[in-house]
Every structure is written in structure tokens, then in C-alpha cells.
Amino acid sequence: MITHAGPATPHAPLSVDASIRIGDWDLDPVLNQLRSGDRIKRLEPKAVAVLLELARSPGTVLTRETLIERIWPGLIVSDDVLTQVITKLRRALGDSARAASYVETIPKRGYRLLVPVGQSATGGQEPAAESSARTMPGPVARSRRLHFPALTAIAIVLSIGSAYVWLSHPTTRDIELEDLPLVEIDPGATVQIEPFRALIDEQPQEDLARGLTADLRTDLGRVDGLWVLSGDISAERPGGTARYSVNGSVQRNADHMQVHARLIDTRNGVQIWAQRYDRPITDLFEVQGEISADLTRALSREVSAAELRRQARHYTRNLEAYALFQRAQANLLVRGRDANERARALYRRAIELDPNFARAYAGLALTFAADFRNQWVTDSAAALEQAQLTARTAAGIDPEIAEVDWVIAYVHAQRREHTDAVARLRHALELHRSFADGYALLGGVETYRGRPQRSISLLRTAIRLRPDAGYLYYVLLGRAYFFLGNLEQAAINLRQALARNSQNVEAHVYLAAVLNEQGDAEDAAWELEEIRELDPDFALERWLRTYPMTDKNQLQRLRDSLSPGR
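Going by my numbering, the sequence shown opens with residue 62, and the numbers climb by one from there.
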């Protein structure tokens, strides 16, 4: 019997060190499973994470935006991904959207959990050795026998041309730090934190002002895209000063303090933002945090506009076209059919505004390549031909853009023209010695043509230079390790990929193959179920029909690893 939850009331934080009672089910966050009597339902990590978020606020509506931000922090995720996770949750719970008993859809808002929540009366039925490992707040590996450290969801997805990689010779050596090019500071995104003034000339007051200044420099220095310059550097820069300046004053009276902070545009002396903080001295750290947050919000509006103008200058003079291009990129990275169509429409609108926008043509080419690879259209061959023609149009407009070379290489790879793909990638890396995605795709192509030993160094270098690498880097690395026979490393990297994007079919395919070769038939079968959830019509031979791999031995090994009678 299910009792619906009333309005949300304050409750103790849920502990993931023990099972959590949700209606008639016990959720084990470590084993990623639901138990009700003798029934056991296994869940993917993201489904567990969504259920935990709902369980922390039973009866409260959580918006789709809130859930996406918490479960996929910093990642570009479509509503369809969340909908699929909710559907899987309902199926496991025996629930339905039309007559919800557990998870209710609130139209145009989000979801809420309808049942009471609390810690289970028993701490679970697993052995003590496994229970002791329950220290994770989020998704973990599903296997009962293979427990991996918590996987950190990193907040950037794979984006064409978003980072760079060193390649001075056509070798696969790891780069050294001294090989990295010097980073050019964008003058439009610089801020100088002036020393805060103590209004009373006393040592405690001076110490308070000095500490506040140092903490603000540290906090703002963590803001992506913002350069915090010291006073010495700023004085020596051409022009004499940073674009923005932060200054202020501090006064302490007994157990009270008053802080004034201001943000100035140094080009014209205009005060962009100012705030006074009047608090007990015991709130010092809270005040520091508030000032940092307020300054970050004020600066982000200014710096984002400056960064947009700076980036756009390299590819188009039309800011509206560039904004459409950025929206298209975000949709392309979702890698879903509907999102791919949205991306195509946005690229075309950008091209209408600027017919010479080479990168928009390159992005448009990728949408046609996606149609081919995912077999989203009836005539896949025509889609691939259209991808090649559109990519060549981009190169004809501007042959000196590394990202355009990357797209042409990607299309060559889809056509299984790997020698041509490698040549294009080397040209891209000559144009930009630090093009990370070029290095990563080069590693992927080496595996396609049967040289996975070359892939490892290429991909490790890309990930080291770009620690916030998207899931595809880890798919490529896991795939290379699989064909090299290093199953442990293959499993680790494929799970890293799925922690970032649980919807990627290729990662599930290779993880199922790895688990079968490790003798873990149960978890391999679970991965195959996940594939069927994502693509009910999935068939390995049909999937391989448009797969770029040309090495026959590797293809046969993959087939053997996934054969039913293994």
C-alpha cells in the first residue's frame, strides 16, 4: 500500500551509507538497485541520481532545469535525456505517467515524488565488506564484484575547436609542459583587485582589509575566462591597467564590520556595480563569499559579451550569426536525432545571415554525417555525400581553419578513408599546434585502422591537456584498451564515458564486450538491456554497417565478444 507524501517538510539529510526507503521499495545507492521483497530492479547510475534528488524533497516539484543542472552539472543535455531516465525509473518502480503513484509529471514544470521517504529499517542485506564501501554521494559502478572510485562529472562536453593540442611532428609521443604555447591574455577579460583600504589606521583593521583582498583574488581567479592581474602586472601592461578594477574599504567597530565594494570599468571610469555589507565580524567568511558571488555575476555579463565579440571576430563579423552558431553547437553535442535537426536549422539560419561563415558550413556537414552514422535517414549514402560536399564548401571559404579540417577528417573517417583523415588532421595540427580535438580524433582513427597502440598516447595527451574532456575521449580510450587486451583499463574508461553520458550506445557496446571477456555475463547482459532501451531496434550487424572500423580482426573480435553463445 502506497501512502502519498503531503507538502514537503524539513527532514534529515538522506545517508547513502544505508538503503533508503522510498514507498514500497528500498533503494541501494551503491549497488544501483531497488528491492521490494524478493523483487530486485537494477538501475543505471543517472536514474539513481535522479531518484535521490527527488527523494531529498518528497512532495516538492523539482523543475526539469533543476534536475538537469544537478545530475549533469555543466553539461549540455536535452530534455529528452531526462525524460528517458524518468521513463526507466517509472518502469522499475512499476509506475506510469498517466496514473502516477511514485513520480508525478507536473506539466510545463517538472517532477515530484509522491511517496514518503526515509532510511530503511535495515541497512541492506549485503555483506559488511560491501557495505563499508558506501561512501559515495552519486553514481558508482554497477557490478557487485567490481567497485570503482566515484566518477566525477566534468562540466564540459566535446566541442569542435574548444581546446588545442601540440603536434610538431607526425609522432604519437606525449607532449611536455614546456612544449605548450604561451596563452594570450584577452585584455577585455582582465580585472585588477585593488587592495581594500582600512578606514581606521590600526593593525587589526589592516589585516582584515589585506585578508579580504587576498581572498577575493583567489575566488575570482577560479572564474573561467577571467584573468585576475596583480598590481605589478597591471602596471606593466600596455595601456597601464586592467579592463576592470575592484576596490573597496573595510571598517571594524568592536564586533561589527562594514565593507564597501565597487566594480569600475577602467576605460571610462563608470561604476558598474557597488554594494555595502554591514554584518557582525563573525560573518566575515560569509561576506567574502557574497562579495565574490556578486562580483562574479556582475563581471560575467561584461566578460561574456567581450568574449563573444573576441571569438566571433575569428569566423564572422555578424554577432547574430555567431550566436546562432553557438546554439547549433550546443544542440549538435547532444547527439540525438531531434537535437541534430535543431542544430541543422540553426546552422542554416547562421549561413543565411553570413554566407561566408565557414564554421557554420562545417557544423552543418556534421549534422549530415550524424544522419549517416546513426542511420537516421533512409538514404545514408546520400547523407554522407552531402556531408562531404558541405565540408568542402567550408574549406573553400577558408582553408586555414583547423576546425574545418577536423570536420573534413571526420567525414573521411566515416567514409573509411582513414589515410585522408590522418592527412587532414595533421594539417589541422600544423595550423594550431595545440588542437586537442584533433589529437583525440587522430587517436580514434588509429584504432579504426587497427593501430590501437598508437591511440593511447594520443588520447592520454588530449585528456591531460584537457582534464574536463567530454565522454567521447573516454569512449575512444576505452575502445583502444579493449583491442589491446587491457580489459581493466578499458572498463575504467568506458565507465568514465558513461558517467558523463549514459545515452552513448558505443560505450555500452564496448563495455558489454569487455564484461563478457572478463566472465561477467550478468553485467554484460545488463549493458545489452541498456542498449535495447536506447535503441529498441539495435542489431550489431546493422550498427556495424556504418561503423568506420576497417580492421577485420578487430571487427571479428568485437562480434565474438558479443556473441550470445560466448
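Positions of the beta carbon are idealized from the N, C-alpha and C atoms, including for glycine.
Glutamine 332 sits in a strand when the DSSP states are folded into three classes. Judged by DSSP in its simplified three-state form, proline 106 adopts helix.
Annotation: asparagine 379 is outside any alpha helix (DSSP H) and is labelled neither H nor E by DSSP.
Counting along the chain, glutamate 165 sits inside the beta strand (DSSP E) bounded by residues 164 to 167. Between the alpha carbons of histidine 493 and alanine 463 lies a distance of about 7 Å.
Between the C-alpha atoms of arginine 96 and aspartate 581 there is a straight-line separation of about 22 Å.
Straight across, the Cα-Cα distance linking alanine 161 with valine 109 is about 18 Å. Taking histidine 488 as the centre and dropping the five residues before and after it, the same chain places the C-beta of Asp466 closer than 6 Å to its C-beta, in chain order. Residue range 317 to 326 is occupied by the beta strand (DSSP E) that includes alanine 322. Sequence-distant partners of alanine 452 (beyond 5 residues in either direction) whose C-beta falls short of 7 Å from its own C-beta, in its chain, are Ala423, Ala426, Val468, Ile469 and Val472. Each of Leu380, Phe429 and Glu105 was checked against the Cα of leucine 393, and the nearest Cα belongs to Phe429. Burial check for glycine 330: the Cβ neighbour count within 10 Å stays below 16, so the residue is exposed. Annotation: the continuous beta strand (DSSP E) that includes glutamine 94 extends over 94 to 97. Following the DSSP letters along the chain, one finds threonine 607 in no beta strand (DSSP E), marked with neither H nor E. Distances from the alpha-carbon of leucine 104 to those of Asp85, Tyr408 and Ile147 put Ile147 closest.
Separation of the CB atoms of alanine 359 and isoleucine 325 is rounded to 11 Å, and the pair is thereby denied contact status at 8 Å. Fewer than three Cβ pairs drawn from the region 400 to 410 and the region 442 to 450 lie within less than 8 Å of each other, which leaves the two stretches out of contact. The C-beta of serine 157 has fewer than 16 other C-beta atoms within 10 Å across all chains shown, which makes the residue exposed. From the listed residues Thr251, Arg304, Ile261 and Leu277, the smallest Cα separation to asparagine 314 is found for Ile261. Here the alpha carbons of tryptophan 604 and proline 168 stand approximately 36 Å from one another.
For asparagine 308, the enclosing beta strand (DSSP E) starts and ends at 305 to 314. Just so you know, the alpha carbons of aspartate 399 and leucine 595 end up roughly 14 Å apart. Taking the C-beta atoms as reference points, asparagine 554 is found nearer than 8 Å to leucine 538. For threonine 127, the uninterrupted alpha helix (DSSP H) run begins and ends at 125 to 132, by DSSP.
Under DSSP, arginine 100 shares a beta bridge with Ser97.
In the DSSP assignment, aspartate 89 falls within the unbroken beta strand (DSSP E) covering 86 to 89. Comparing C-alpha distances from glutamine 550 to each of Leu533, Arg434 and Leu572 shows the shortest one belongs to Leu572.
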